[in-house]
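Worksheet: the structure to be examined is printed underneath.
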Amino acid sequence: MDKKIGVLRQLTQASHTLLNPAVKSWKEQGGKVVGLFCSYIPEEIIYAAGLLPFRMRATGSEETTLGDTYLSAYNCTFTRHCLDMAFRGSYDFLDGVVFFNSCDHIRRLYDIWKRKLNTPFLHLMSVPHKDGEEQVAWYRGELTIFKESLEKHFGVKISDERLWETISIHNQTRGLQKQLYALRKRESPLITGAEALSIVIAGTTMPKEQYNELLKELLDEIGKQDGNSGYRARLMIVGSAFDDPAFVKTIEDLGGLVVTDFLCFGTGALWNSVDEAVHDPIEALAKYHVSDRIPCARMVGGHSRRYGFIKDMVKTFKVDGVVCERMKFCDFWGSEGFLLRRDLQEAGIPALLLEREYLLGGVGQLKTRIQAFLETIERR
Amino acid sequence: MATGGAGYIQEQVDRQRSALQKLEADSAVDRKIEIEALKCLIDSSEKIITAVAEGKTLVWLTAGISPEIFVTMDIQSLNLLGFARTMTELRPEGATEFIDRAENLWLPPQTCSVLKMVIGGILAEQIPTPDLIIAGSHPCDSAIAGFEVIGELVKVPVFYLDIPSWKDDRTLDYVGSETKRMISFLEEHTGRKLDIGRLRDVAEESNKAEELYLEVKEIRKAVPCPQSGAFLRMAFAIRQRLAGLPMATAFFRELLADASEKVRSKKGAVPEERIRVIWADYDMPFGDWYNWLEREWGAVVPMSFSAYRPVAYIDTSSYDSMARGLGQNILHTGMTRLNRGPVEYYIDEFIRMYKDYKGDCAIFGGHVGNKAFWAMIRILKDVCREMGIPALVIEADQYDPRVVSTEAIRSKIDDFFTMMVLR
Chain A
351 MDKKIGVLRQ
361 LTQASHTLLN
371 PAVKSWKEQG
381 GKVVGLFCSY
391 IPEEIIYAAG
401 LLPFRMRATG
411 SEETTLGDTY
421 LSAYNCTFTR
431 HCLDMAFRGS
441 YDFLDGVVFF
451 NSCDHIRRLY
461 DIWKRKLNTP
471 FLHLMSVPHK
481 DGEEQVAWYR
491 GELTIFKESL
501 EKHFGVKISD
511 ERLWETISIH
521 NQTRGLQKQL
531 YALRKRESPL
541 ITGAEALSIV
551 IAGTTMPKEQ
561 YNELLKELLD
571 EIGKQDGNSG
581 YRARLMIVGS
591 AFDDPAFVKT
601 IEDLGGLVVT
611 DFLCFGTGAL
621 WNSVDEAVHD
631 PIEALAKYHV
641 SDRIPCARMV
651 GGHSRRYGFI
661 KDMVKTFKVD
671 GVVCERMKFC
681 DFWGSEGFLL
691 RRDLQEAGIP
701 ALLLEREYLL
711 GGVGQLKTRI
721 QAFLETIERR
Chain B
987 MATGGAGYIQ
997 EQVDRQRSAL
1007 QKLEADSAVD
1017 RKIEIEALKC
1027 LIDSSEKIIT
1037 AVAEGKTLVW
1047 LTAGISPEIF
1057 VTMDIQSLNL
1067 LGFARTMTEL
1077 RPEGATEFID
1087 RAENLWLPPQ
1097 TCSVLKMVIG
1107 GILAEQIPTP
1117 DLIIAGSHPC
1127 DSAIAGFEVI
1137 GELVKVPVFY
1147 LDIPSWKDDR
1157 TLDYVGSETK
1167 RMISFLEEHT
1177 GRKLDIGRLR
1187 DVAEESNKAE
1197 ELYLEVKEIR
1207 KAVPCPQSGA
1217 FLRMAFAIRQ
1227 RLAGLPMATA
1237 FFRELLADAS
1247 EKVRSKKGAV
1257 PEERIRVIWA
1267 DYDMPFGDWY
1277 NWLEREWGAV
1287 VPMSFSAYRP
1297 VAYIDTSSYD
1307 SMARGLGQNI
1317 LHTGMTRLNR
1327 GPVEYYIDEF
1337 IRMYKDYKGD
1347 CAIFGGHVGN
1357 KAFWAMIRIL
1367 KDVCREMGIP
1377 ALVIEADQYD
1387 PRVVSTEAIR
1397 SKIDDFFTMM
1407 VLR
């Protein structure tokens, strides 16, 4: 039990802070860290350059006063908190930040960052919005330009051999995370939703070899423990960029155990692996993000694939109800929530649509809605 | 086969016909351009009504899709966003009914109201159902996401045109290829083969109109500006709906003749031009802005965001070059041109437009649904301050006058002119 708690604590700590011990240690050893704003940016290329990829979050932010000087009330609070933290120097440990056209908010955040902040390396990519072969070819081109700009700026050479190594390491991570998710299929899941989210977040902020070792230890230990029972309903959480385990804990404290998800800090990024049989590593990465993974709501024509995946997960993880969360002003997940709610209701699967801000607020209202949702499920 | 629900379009035509009658009866003022523009727009809408009545193939379009392809293939298209914009212009209260309808079904209030309006119109069965949809990854998140909903609601085949964030040669090649894939999609689903010779004829007709428009753009740099800003809006709408048709070319010929004559006779759009306003970003479809600015302030809009698009001739030497040219036209349209890439695209064009058209001030028509605009407005204000450009940002919902009323916006403009421009 102690060992499990120890490993969990290490992973949780990494998700609860920005500059966690692993990042600090990397920096102390002279390593460089590059932030990335979305799971569609392949960490593998950054890691192959000898840099530590760091998925951007605004963990620890308390306000948007400075961020609001350049972003407006019509922009999502994720970008506003990130900009606020950037203006306060919270990301000064970063040697670079990579953006792409994930949405209008993030794309414009690049413009502001470029003009108002002094991060040494900035890069913007254009990722296709659909999943055809031509789009894979386009993204391959963008990734090649990205790789070359990393090489030029950081004075490194990224070999194909090293890329295949990092792809393999990251695939190993995805495999271990899937094993962790499998433990949640049980009648008494061996891990809570809040813990699972923390563990996945931790994987986006520390060297993957170190993370993989911790995850293996956790998997070894966790199987020896009793699972979580006595919950009122098994829930799935679906939606936009979501990195707040406290939000999940609020749901779970009311008796709704989150057993799976479709999130970019979750199955959206870990369920499929990069195909190592493709002849070229950049092509393999482009193919994975554009056509192989379950598409994010920013990908057009992807609703039926997303919904199909969610329905499969509902069945596999014996989900009683789906919580669709959407951040205010996120058009993609706003529309997707509308469609998912319609389709899930038609399929007889209880669905709750929650609109939220980046920081957990209005806890009372959230609890009331979750409570009502759980009662609805229990009455079925 | 298009079916039912043409009521909304019929209402549009009825209102336009009534406006046309009033213009034709007004012998006191020269209304030739407005009359020609209205005739073009009525003709375009009536073709949709006829197509629905005859059960012809109907394709819904997202913003900026080149009409030349549909003219060539004799397929009836309906530009949903342009159509919604016209409806707001003609009857704003009708538009808001549909916005409410969409919101009541859990579409988030923050979704751009033009998309909510279209979705509400579909739910109310007031827009004829299509056989196909051409959507795209432009011009903004709301449109991309909104068309995903639209496609799911009507359940017909959808082609998504992927538009990258750049504007270099690689992007043009890619968008040209996407345009060809769109044509293949149309061929597959309509059973019609695109006739390359016919496309060449249509593209050449479109080029003629572009050449005329280029001259109009040049002439509008004159002081005083010879034509009303309202003509820019008409030119944009006609290009969007009718490019490639002789009717559009005839309109641009009239537009040029009128502008040339006025410059020759040193006649301005207003008797005394006091302020030249560069209208950056979109204008509100409601509120009769250009006439009000001219009448109340002697303020003329020589150029606007939507009308300033670079003129790009379609190279008709081969099918590939035509597809590339048609793709480039999509890239050049309004928000697709300025909203999808880095902010420099917007700033460079804004500065050039301001200088070329000898602006005295800029008004940014900020639409609350356009998140990309609101994420760059402070940068734009910085640029204006550095260049000494008096700038006003209007914060309004361009399709819903209940959010900020015409009167409130006019009052803001009054204060701006009084305190910042004419001091």
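As you go down the protein sequences, you meet chains A and B in turn.
The numbering used here applies: residue 351 is where the first sequence begins, and numbers increase by one.
The numbering used here applies: residue 987 is where the second sequence begins, and numbers increase by one.
Think of the CB as a built atom: it goes at the ideal place given N, C-alpha and C, for glycine as much as any other residue.
Return the Cβ separation of residue 392 of chain A and residue 639 of chain A in integer angstroms, given the expectation that the two are a contact with Cβ distance under 8 angstroms. 7 angstroms
Proximal chain A residues relative to residue 1132 of chain B, where beta-carbon distance stays under 8 angstroms: 681 and 685
Please state whether the Cβ-Cβ distance between residue 645 of chain A and residue 671 of chain A is less than 7 angstroms. no
Would you say residue 453 of chain A reaches chain B, if we count a Cβ-Cβ gap shorter than 7 angstroms as a contact? yes
For the beta strand (DSSP E) that contains residue 1319 of chain B, what are its first and last residues? Counting along the chain, residue 1319 of chain B falls outside any beta strand (DSSP E), and DSSP gives it neither H nor E.
7 angstroms Cβ cutoff, residue 953 of chain B in contact with chain A: Nothing about residue 953 of chain B can be reported from this structure: the residues present for chain B run from 987 to 1409 only.
Check whether residue 702 of chain A and residue 688 of chain A have beta carbons under 7 angstroms apart: no
Rounded to a whole number of angstroms, what is the C-alpha to C-alpha distance between residue 592 of chain A and residue 468 of chain A? 27 angstroms
Distance, Cα to Cα, residue 422 of chain A vs residue 708 of chain A? 15 angstroms
Go through its chain and collect everything with a Cβ distance to residue 636 of chain A's Cβ below 6 angstroms, but skip five positions before and after it. 486, 489, 490 and 493
Can you tell me whether DSSP reads residue 475 of chain A as helix, strand or coil? strand
Can you give me the C-alpha to C-alpha distance between residue 1051 of chain B and residue 575 of chain A, rounded to a whole angstrom? 59 angstroms
Return the chain-ordered list of same chain residues with a C-beta closer than 7 angstroms to the C-beta of residue 594 of chain A, the five sequence neighbours on each side being excluded. 710
Measuring straight from C-alpha to C-alpha, what distance separates residue 684 of chain A and residue 1128 of chain B? 9 angstroms
Taking CB distances under 7 angstroms as the criterion, tell me whether residue 499 of chain A reaches chain B. no
Mind listing which residues of the region 1362–1375 of chain B have their C-beta closer than 7 angstroms to chain A's C-betas, in chain order? 1362, 1363, 1364 and 1365
Chain A residues whose Cβ lies nearer than 8 angstroms to that of residue 1146 of chain B: 479, 480, 650 and 651
Determine the DSSP secondary structure at residue 1394 of chain B, reduced to helix, strand or coil. helix
Would you mind working out which of B/1075, B/1038 and B/1371 sits nearest residue 937 of chain B, comparing C-alpha positions? Past the boundaries of the shown model lies residue 937 of chain B; chain B is included only from 987 to 1409, so the question cannot be answered.
When we look at the beta-carbon of residue 629 of chain A and count the other beta-carbons within 10 Å, is it buried (16 or more) or exposed? exposed
Residue 1401 of chain B burial status per 10 Å Cβ neighbour count (16 or more: buried): exposed
Less than 7 angstroms between CB atoms is the rule here; does residue 389 of chain A satisfy it with respect to chain B? no
Residues of chain B with CB under 9 angstroms from residue 642 of chain A, in chain order? In chain order: nothing, as chain B lies at least about 17 angstroms away.
In three-state DSSP terms, what is residue 674 of chain A? strand
Span separating the alpha-carbon of residue 1108 of chain B from that of residue 992 of chain B: 11 angstroms
Would you decide whether residue 1130 of chain B is buried or exposed? Buried here means 16 or more other CB atoms lie within 10 Å of its CB. buried
Would residue 1229 of chain B count as contacting chain A if we go by Cβ distances under 7 angstroms? no
Looking at C-alpha atoms only, which residue of B/1383, B/1214 and B/1158 is the closest neighbour of residue 1278 of chain B? B/1214
Taking 7 angstroms as the threshold (C-beta atoms), are residue 451 of chain A and residue 458 of chain A in contact? no
Taking CB distances under 7 angstroms as the criterion, tell me whether residue 488 of chain A reaches chain B. yes
Could you work out which residue in B/1249, B/1363 and B/1225 is closest to residue 1296 of chain B when comparing CA atoms only? B/1225
Apart from the five residues on each side of it in sequence, which residues of its chain come closer than 8 angstroms, Cβ to Cβ, to residue 463 of chain A? 433, 436, 447, 449, 469 and 472
Since residue 1019 of chain B contacts residue 1241 of chain B with CB under 8 angstroms, what's their CB separation in whole angstroms? 6 angstroms
Compare the C-beta of residue 421 of chain A against all C-beta atoms of chain B and say whether one is closer than 7 angstroms. yes
For residue 595 of chain A, does the three-state DSSP call read helix, strand or coil? helix
Sorted by chain position, which residues of the same chain lie with C-beta nearer than 8 angstroms to residue 1010 of chain B's C-beta, five sequence neighbours on each side aside? 1017 and 1021
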